[in-house]
Structures are given as C-alpha cells and as structure tokens.
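Here the protein sequences line up with chains A and B, keeping their order. Using our numbering, the first residue of the first sequence is number 1, and each one after it goes up by one. Using our numbering, the first residue of the second sequence is number 1001, and each one after it goes up by one. Positions of the beta carbon are idealized from the N, C-alpha and C atoms, including for glycine. Only one structure is covered here, and it is reproduced in the block below.
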Amino acid sequence: MEIKFNGEHTFPVPREVLWTHLNDPKVLTVCLPGCTGMEQIGEDVYETSLKLQVASVGGTFTGKIALTDKVEPAECHMQMEGSGTIGHATGRAAFELEEVSDSETRMVYTGTGDVGGLVAGVGQRVLGGVTKYLTRRFLTTLDKYLADEAVAAKGDGNTNPS
Amino acid sequence: MTSEPRSGFRYISRKRRPQEDRRFLTGQGRFVADVDLPGMKHVALVTSPYARARIRGIDTSAALGAPGVLGVLTGDELARATDPLYTGIHVPGVRRYPLAAGEVRYVGEWVAAVVAEDRYLAEDAAELVAVDYEAQEPVVDPEQAVLPDAPLVHVDQGSNVLLRKRWNWGAVAEEFAAADHRISYRARWHRSSTVPIETFGVVARWDESAELLDVWASIQMPKFPDHLANALRLPGNAVRVHFDVDVGGSYGVKRGIKHSVLVGHLARTLRVPVRLIEDRLENMRGGDAHGPDRIFDVSLAFDSDGTVRAMKMRALDDLGAYAGRAPLQLGKPVGAIVGPYTIRAVEYEAISVATNKTVQEAVRGFGQSPTNFAIEMGMDRIARQLGIERLELRRRNFIAADQFPYLIPSGSTYDSGDYHAVMDKVLDAVDYPALVARRDELRREGRLAGIGIATCLEPSGGNSSFEPLLNTRNETTTWMDSCMVRVDLSGSVTAVMGTSSSGQGHETLLSTVIGEVLERDPDTVRVVHADSLNALPSNSPVGSRMAIMLGGAGAGAARRIRQAVVAIGAHNLGVSTADVEYSEGAVHVRGTPERGLSWKEIVAIAHRKYHLMPDGMEPGLQAAFVWEVPGGGTLPGDDGRVQMYPCYAFEGHLVLAEVDRETGLISLRSYVVGHDCGTVINPDIVHGMTYGGVAHGIGAALYERFSYDPSGQLVSQSFMDYLLPSAHEIPDIRIVSHCTPSPLTTFGQKGSGESGYLGAPAAVVSAVNDALAAIGLEVNEIPLWPGALGDRIAAAEETGTGTAGNARAVPWAGPQ
Chain A
1 MEIKFNGEHT
11 FPVPREVLWT
21 HLNDPKVLTV
31 CLPGCTGMEQ
41 IGEDVYETSL
51 KLQVASVGGT
61 FTGKIALTDK
71 VEPAECHMQM
81 EGSGTIGHAT
91 GRAAFELEEV
101 SDSETRMVYT
111 GTGDVGGLVA
121 GVGQRVLGGV
131 TKYLTRRFLT
141 TLDKYLADEA
151 VAAKGDGNTN
161 PS
Chain B
1001 MTSEPRSGFR
1011 YISRKRRPQE
1021 DRRFLTGQGR
1031 FVADVDLPGM
1041 KHVALVTSPY
1051 ARARIRGIDT
1061 SAALGAPGVL
1071 GVLTGDELAR
1081 ATDPLYTGIH
1091 VPGVRRYPLA
1101 AGEVRYVGEW
1111 VAAVVAEDRY
1121 LAEDAAELVA
1131 VDYEAQEPVV
1141 DPEQAVLPDA
1151 PLVHVDQGSN
1161 VLLRKRWNWG
1171 AVAEEFAAAD
1181 HRISYRARWH
1191 RSSTVPIETF
1201 GVVARWDESA
1211 ELLDVWASIQ
1221 MPKFPDHLAN
1231 ALRLPGNAVR
1241 VHFDVDVGGS
1251 YGVKRGIKHS
1261 VLVGHLARTL
1271 RVPVRLIEDR
1281 LENMRGGDAH
1291 GPDRIFDVSL
1301 AFDSDGTVRA
1311 MKMRALDDLG
1321 AYAGRAPLQL
1331 GKPVGAIVGP
1341 YTIRAVEYEA
1351 ISVATNKTVQ
1361 EAVRGFGQSP
1371 TNFAIEMGMD
1381 RIARQLGIER
1391 LELRRRNFIA
1401 ADQFPYLIPS
1411 GSTYDSGDYH
1421 AVMDKVLDAV
1431 DYPALVARRD
1441 ELRREGRLAG
1451 IGIATCLEPS
1461 GGNSSFEPLL
1471 NTRNETTTWM
1481 DSCMVRVDLS
1491 GSVTAVMGTS
1501 SSGQGHETLL
1511 STVIGEVLER
1521 DPDTVRVVHA
1531 DSLNALPSNS
1541 PVGSRMAIML
1551 GGAGAGAARR
1561 IRQAVVAIGA
1571 HNLGVSTADV
1581 EYSEGAVHVR
1591 GTPERGLSWK
1601 EIVAIAHRKY
1611 HLMPDGMEPG
1621 LQAAFVWEVP
1631 GGGTLPGDDG
1641 RVQMYPCYAF
1651 EGHLVLAEVD
1661 RETGLISLRS
1671 YVVGHDCGTV
1681 INPDIVHGMT
1691 YGGVAHGIGA
1701 ALYERFSYDP
1711 SGQLVSQSFM
1721 DYLLPSAHEI
1731 PDIRIVSHCT
1741 PSPLTTFGQK
1751 GSGESGYLGA
1761 PAAVVSAVND
1771 ALAAIGLEVN
1781 EIPLWPGALG
1791 DRIAAAEETG
1801 TGTAGNARAV
1811 PWAGPQ
C-alpha cells in the first residue's frame, strides 16, 4: 500500500554543516529512529538495519539506500528498498536545503513509499500517523544532535584557554 | 424408505436440552488444541508479504541453527514429496501445494515451515528464514483478471478464467421479447466469510511400526481422509482421522487440507508428533477460508402486473489464487436459481476467476446467500418501478402451496412449501401496519427509515450434483451418510457417526431420532464419533444436510434394530411378526399385553441365547444404515438440468432499519424472520442456527469484508479491521416457525444450518434502499460501510441525484 510524506523543517545551522551531517552514516545511525547500523557499501550506497514498532507490529528491517542526483549542498534524491520480519518497503524521497540565513537552513522534503506484508496488513490504519511521527522524530533528534555538537564545540573552546 | 407419522412425535420437535450442552457449558469440550501428545513439536510458518512474486531462493541455514529447531521445510521439497491438493474443477495448470513452490500468489501464502520444540522457538526461527523474492505485478481486480492482457495467476493454465459455463433453461429470449418491461442491474457481494473463534488446528502423529498416520483436526470437510491420503501418497487405510475432536465453529470454512498435508508430512518425515494451530493473522490471510466474492449482472423480464417471466444472471466470482471446492459454490445456486418464485426461464452464466488473493472456501450456504441477495434486489426494483407493494409483488410470484412438487427451469424439483402461509404468520406476528406506522413516524421526524423484505430458499440435504455439473470428468452421484446403532448386553443403545461436529448438535439429533424410532429415552442413547478407519461412509456436515441425512441414517439403523427386536419377540411368543406390537422396546402379542417379552429379555436372547433366535438371524443386536440423498443419483443432462438438493426450506425476513443522515451509520430496529424447515428435530438447535444465521447475514450486509489494496495487500487481517457485529449491533430477532413437512425425508425434516444467513443480507439492503428512496439513492453492494454511504447521502442531498458512486450497472452481455 502507498504512503506519502512531505514537509519542511528549519535547522539552526549553516547549509554546508547540515549537508555534511545528512551525508554522514554515523550521524544518521544516531538520528534515524530504530536504526541499529548503517554501512557504506558503495559510492553513495548504504546498507541499513532498523528495529521498528508500528502499532502492534514490531520487528527488524534491513534495506539499501542509494543517493542520486546530488547537488551539493542543496539537493539530494534517495531510493530505498528493504524487507524484514515486518514486511517490505520501497520508496523514493528527495530533499532540498534552502539558506534561510547564515546560520539557518530550511529542509523541504517529499517522499512516496510502497509497503507490504505484516505492516501493511495490520498497521495500515496507523501507517500515515506513524510515518509522520517517525519523520518528526528523525528531525528533532537531528536538531538535538546539532545542538549538542554546538554545545560541545563551545565547551571545547572554554576548556582550552591557550 | 417409508415416512414416519408426521404428528404425535414422542421426542422429535419437543424442547429437549441438547446433549452436547453439558460438555460445552462446563468447559469439558475437547478441541484440537486440547490434544497434547508426548514429545509433540510445533510449527511456525514463513509467509509471503507479496501478492505475486517469484521465489529466487530460500536460505534456511540461520533458522536451522536456531535453538530448538528440528527442521525447516520449503515448498520445493514438499512439492517433490506430495501430490497437489484436490481441485474441484478441471484446471490442470493450477497446482496447489501447502507451501508455495517457485512462486507466491497471494499475501500470506505459506512459503516455508519451521518445526521446533515450542511455538515461540519456531516463530523466532521462522524470522531467520531468508526468502529472496522477485516481486511481480499482481492481478487484484476480478474484472481486470478476465482481460486477455492481465497478468496470469497460473501461467500454465493460460488464463485466469478457471471456469466459464452458460446454461439456458426455458424460452429465455421469447420471454424477454414478450415481457412488458425489462430491467438490468448489478449486485456486488464483497468478500466476507465465517470467522470462527477457534482457528484451524491439526495434530498428526506417524506410527512407524504400524505405518499409520493419526490425525486430529478441527475439520469439516467432505472426504477429508481421502484427500489427505492422496496428497501424502499413502493408502487410505494408512491415515486415521479422529472425528471425536470438537470443532469450535465452522459453517463451511474448516477445510484445513493444506495444513493437514503439511503437518502429516512433517510428522512422518521428522518421526515426531507435530502440531499446527493457526494464529488469528494466519487464519485470516493464509487459512484459505475466505468466502464468495461476487459480481452479479442481472436482467429481469416482467409484466405490468408484476409477474416475473425470465431472468438472465451472470455471476463473476473472485476465487483468489487457487481453486479448491470454491468454484462449486457457483453451482449449488442452480438448484434454487429462481428462489421461491415461478420464474419460467433462466439464463445463467457462472464465471470463476483467479486473482492474487487468499483462496476462497465454502461458506454457509455455498453461494446461495449471494445469489438470493442478487435476486431479491431485482424484486425490490420491479416493485418500485411498477408501484406495487414489495411483499405483494413477491406474493404474486410465489410458487403456491398446491403447486408442489414444483419443477424449476434448471431441473430441480422443490419438495414442499407454503410461502404464503409463512408470510401471513410473519405479518400477524410483527403487526405489519404498526411496523409501517413506526417507519413513517421516524420519517416524519426527518430520519431515513426503511422496511426490508426478503423471501428466499435454503436448499438442503447436501448432495454433490454441482461436481458433475461443473466438471464433466467427475461422475459423483452419491453423497451418502450413515449410522451404526448397537444395543449392548445391558440394553444400552450406542450410535456411531462417521464425521466430526462443529456445533450442529449431531449427538442430540441422532439420539432424538433413534429414541423416537425405538421409543427409548434419547438421554439414554450415547452417540460416539468414530475415526475414519472404523466409520461408515460420511460426506460430513455440509449443505444443511445432517438432520436429513444423518437423521435419516440413524432412523434407518434404529428401524432395523426395531425389526430385529420384533422378530425375536414374535419368534419366542410363537406368533408371526404381524401379530405382535412393539412398545418402548418391549414386544407383546397384539391385543394381549400380558403375553410379552421385555427389552432386557430380548436383548439377552440376541446376545446370549442363540438357541432362542429365529433361524438365520445373526446374533447380537446391531444395525448399520447407509442412506443415499433422496432424489439424487443421476448425472446432469447435457443442458445442465439436474436435481441439486432434495429439500427446500423457506424463510421470509422483515426488518426495520434507520440510516443516519449525517454519518451513514445503519441501525436495525426490529427483526422478524419466518422460517419453515419442515419437521424440526430440536427446536432450540434450529432456533440457535437461525439467530446466528441472521447475525452472520447482518455482518455480511453491514460490516464484514476482507479488503485488499490495489497492490494485493490484505488490509483487514485482524478483528480491528475485519468488523464483526456484536450484541450491540444485532437487534432482538423474533423467529416465527411454520412446518411444511418434506415428503422425501424420514420425519418430514429439512435442513436449517444456513437459515437466517440466506436472507438477512438481502433484507438489510432492502430496508436501506427503502430508507434511501426518499432521497433518490440506491445501494447495490455490501457491506454497507457508513463512511462511503454518508458521503453519498451528503452528495445526494446537495445535488438531488442519488446514483453517483454505485457499483455500475452493466447490461447483460449475453444474447438478448
């Protein structure tokens, strides 16, 4: 069954910083909900494993994400496919990064996906809401990650008075 | 066989507590999940998440290494070791195995099975089975599936149309040409089923020294032991199915042949007892137990006085991915294709189409309820068009009491009935003018209220004439059932039946009819379920047949006992059998009650005193009786005319419904059903069937649907999405009984296991359409969900037109 998502979010960092983070598997592993690992297996191709719970359905999910049509630092497209105990999914997504100011960047994203198996059969009533929730959790976790990093950077400055 | 007197029964038709009640009400039922064998192992299933995909490979290594795992079986392995499952029609390109081999054809289809020490370990290991799928485009819409360029569910079959038959009975073209009016319409019955509380379960144990497979299963399936042995490539006497397992609900769907073949194979190859009990999701998506899924295109020719002259009906049925017995569900309605009406000519086209959906199985009525729904929708339309009151229109078309036995155009003879009398009783019981006044009062308050009417038949006494009708290679003309009655040394009576029961009360049935014939208290008659190796032949409780067939067989065996008792008595009293009277088991010389022998004395002679037995009589006191379906025994003619079932019960429904203008929610306010199933053996059991049947029909009309999204994902796999009516949704149901005995059966009984369900969907739709007529709206597909209906009401009230959004009417495609 088809799912769609789109939205925008403004991050308190310059565009280049955001771009770098969005292309860093380590950052994504921390910020993607349920992500238990992300490994680069080719140029702009990553293998990822997730542990997810949608409504009454929980399980593991492994998939591939390929980044295409990258226009650094402004635009990126993604293709995803994967499967696991909770079903299977394919999807396409894209984001654009717009400079709001020197220290603020707006991300505009759209995506469509097709899911099947258990998650479609049992979780379909809540799938739209869960998609929104997971997306928001990714964005807010990344926000927090960026904020923590900024605090740590400042802290570094304070404890190194040379 | 001669008939018993139809009145003055000693035990039949009398209120008597079902024998099974004590066992079930005290929690002493023994269901398959109660069968716990030492060393028993458990199965978990790997199922397809795709509606259609090629299986490129299956990696079982991780699962095999998981804790507690005994084995992992794939479809290719099982297909090599077993023969394909039984298919009801001739489709050589459709091979069905318990596990998919090479290709998956619906979401939930089984791909591999894991056997482990317990179910938890088995499920954990099943998650480790890695299946490499190559997804392919599925075919989901049955009307798309018939098109030449549609993806093929079975490439080897060359077409998704697995069955297409057209018959012409009577002067259809002439009647259509001569009629004053003609209408065409569509009726859509979406996929629902019965969903018993108990899912399917099976336990199997292979005895290597005896080379015998013991099977306990929650089964309700004709010839199940034979199908099982055939698929496992075993002789019939190497499979012993135990029929003393209580089945926790069925109404047709407990046909777990694939489960049983799988578990039988695993038990045999792993040399351990193996158990598989479906969980709810497995039952709903992969239990292969969905019901009919039909598109009817109907044309009716009728005169201005309301007389319906002829009907053309095309029924397109979405079978799902494989053909079991399900296509035959298009055949049974041939036996009641004109309902209770005098329609003179019929053209009927039956089309079964395969799609990438869960497999269809038999459901209560075996296709009759959808057909009744389609016919009744037409009767309402004609009434509206001609301005004739809807019950009056039906009455003008009823077969009258003095017309029985009545031969319908498709070759079945209806045994008996008095439809006018039943409806008279219904109208008296419900105070029809008051009901109409109540509806009109609701309307004056601004509500959408309507009265629904449906009158229809329940063909009963399940024969299998549809097998040779739809498959000329099949020459089945008997669908016998049987009973053995034994009287032991103590004089106790035991009856042996050869099939399992799923709540129909067969023990009560048999003890009642045997008690009636022997004039012995039925509560002293014990009924036991044999196993398949010591049973006489049975075709299982399908097609509303057991009151007729098992009841007839039990009475036949009891009559033989009675004859033996009379013969022994007469011999020892020194008179001829014509000169003695049988009374409550004792025998005395006619007119001289003091010259007699008691039951105990006669039993003792039979068992111990051979020297007192009449010459040539076998010792002991036992009798077997195998009964053929009355009126059966012949193959269909080339024109498709055949006697389908022997007996025809009648039901007339009257319901008051209200549709909420804002939400589209439908509430039922009053429900009465007139029911004539001939002589009733046990009133409480029959009424229980009817209450449940009405509720089941309300479910089909308003709530229940297996819904698929365009990619073939089943999106109603749990009771959160597949909605069942609860006590809140079911109104008080009043049953009005009438008895027109059948001349064909032992006591005048007809079947009743499908009663209520066969007319309730039609009646509910009739009520809703009566309510919606006020705003020019008509519905023609079920279930009627409030969301879509609410939108249509809003649109209709805005624009004043009511046709938008209906399943479109398609004119009859056949020759006019």
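Alpha carbon to alpha carbon, what distance is there between Asp1488(B) and Val1626(B)?
21 Å
Arg1054(B) beta carbon near the ligand NAD (any heavy atom closer than 7 Å)
As presented, the structure is devoid of all ligands, the ligand NAD included, so that no description of it is given.
Output yes or no for whether 8 Å exceeds the beta carbon distance between Pro1636(B) and Ser1465(B).
yes
Gln1144(B) versus chain A: which residues are under 7 Å apart at the beta carbon?
Taking the beta carbon of Gln1144(B) as reference, no residue of chain A falls within 7 Å; the closest one sits roughly 18 Å away.
Give me the Cβ distance between Arg1439(B) and Ala1454(B), rounded to the nearest whole Å; I'm assuming they're in contact under 8 Å.
In fact, because the Cβ distance is near 16 Å, the residues do not count as touching under 8 Å.
Need the endpoints of the alpha helix (DSSP H) that Tyr1432(B) sits in, please.
1432 to 1444
Reference Gly1306(B); option with closest CA among His1242(B), Leu1262(B), Arg1390(B), Phe1373(B)
The residue with the shortest Cα to Cα distance from Gly1306(B) is Arg1390(B).
7 Å Cβ cut-off: residues of chain A touching Glu1507(B)
Neighbours of Glu1507(B) on chain A: none; closest Cβ ~39 Å, over 7 Å.
DSSP puts Thr90(A) in a beta bridge; with which residues?
Glu81(A), Asp114(A)
Please decide whether Val1139(B) counts as near chain E, where near means a Cβ-Cβ distance under 8 Å.
Given the protein chain composition of this structure (A and B), no chain E is represented.
Excluding five sequence neighbours on each side, which residues of the same chain lie with their C-beta closer than 7 Å to the C-beta of Ala1145(B)?
Val1139, Asn1160, Val1353, Ala1354, Thr1355
Looking at C-alpha atoms only, which residue of Glu1651(B), Ser1048(B), Tyr1348(B) is the closest neighbour of Thr1074(B)?
Considering only Glu1651(B), Ser1048(B), Tyr1348(B), the residue with the shortest C-alpha distance to Thr1074(B) is Ser1048(B).
Examine chain B for any beta-carbon lying closer than 8 Å to the beta-carbon of Asp114(A), and answer yes or no.
yes
Between Glu2(A) and the rest of its own chain, which residues show a CB-CB distance below 6 Å, the 5 nearest in sequence each way excluded?
Asp114
Closer than 8 Å to chain A by CB, Arg1721(B):
Per the sequence presented here, residue 1721(B) reads as Asp, with Arg not at that position. Nearest CB-CB separation between Asp1721(B) and chain A: below the 8 Å threshold.
I think Ser1260(B) touches Val1215(B), with their Cβ atoms under 8 Å apart; what is that distance to the nearest whole Å?
6 Å
Should Leu52(A) be flagged as near chain B, meaning a C-beta pair shorter than 8 Å?
no
If distances are taken between C-alpha atoms only, which option among Leu67(A), Glu39(A), Gly34(A) comes closest to Thr135(A)?
Answer by Cα proximity: Gly34(A).
Classification of Thr1803(B) by the beta-carbon crowding that lies within 10 angstroms, buried from 16 upward
Bear in mind that the predicted position of Thr1803(B) carries a pLDDT of just 48, short of 50, making it unreliable; the figure below should be weighed with that in mind. Its Cβ having fewer than 16 others within 10 Å, Thr1803(B) is exposed.
Buried versus exposed call for Met1617(B) [16 or more other C-beta atoms within 10 Å across all chains shown]:
Answer is exposed; the Cβ neighbour count stays below 16.
Under three-state DSSP, which class holds Ser1752(B)?
coil
For the segment 1036 to 1061 of chain B, enumerate the residues whose C-beta is nearer than 7 Å to any C-beta of chain A, in chain order.
Pro1049, Tyr1050
Which two residues bound the contiguous beta strand (DSSP E) that contains Leu52(A)?
Taken as a continuous stretch (DSSP letters only), the beta strand (DSSP E) holding Leu52(A) covers 45 to 54.
Chain A residues whose Cβ lies nearer than 8 Å to that of Glu1127(B):
Gly59, Thr60, Thr85
Along chain A, in chain order, which residues have C-beta atoms closer than 9 Å to that of Val1107(B)?
Gly116, Gly117, Ala120, Gly121
Given a threshold of 16 other Cβ atoms within 10 Å of its Cβ, counted over all protein chains shown, does Lys1041(B) qualify as buried or as exposed?
That one is buried.
What is the rounded straight-line gap between the Cα of Asp1579(B) and the Cα of Ala1570(B)?
8 Å
Evaluate Lys41(A) with the Cβ neighbour count: other Cβ atoms within 10 Å of its Cβ, from every protein chain shown; 16 or more gives buried, anything less gives exposed.
The sequence shown places Ile at residue 41(A), not Lys. Per the 10 Å Cβ criterion, exposed.
For Met1720(B), does the count of other Cβ atoms within 10 angstroms reach 16, so buried, or fall short, so exposed?
exposed
Spatial neighbours of Lys164(A) in its chain, beta-carbon cut-off 8 Å, leaving aside the 5 residues before and after:
Outside the modelled stretch of chain A, which goes from 1 to 162, sits residue 164(A), for which no answer is possible.
Is DSSP giving Gly1068(B) helix, strand or coil here?
coil
Limits of the unbroken beta strand (DSSP E) element including His1506(B)
Unbroken run through His1506(B) is the alpha helix (DSSP H), 1506 to 1518; no beta strand (DSSP E).
Please report the straight-line C-alpha distance between Ser1707(B) and Ala1321(B), rounded to a whole angstrom.
15 Å
Here's the rule I'm using: 16 or more other beta-carbon atoms within 10 Å means buried, otherwise exposed. How should Thr1634(B) be labelled?
Thr1634(B) is exposed by the Cβ-count criterion.
For Pro1459(B), the three-state DSSP class (helix, strand or coil)
strand
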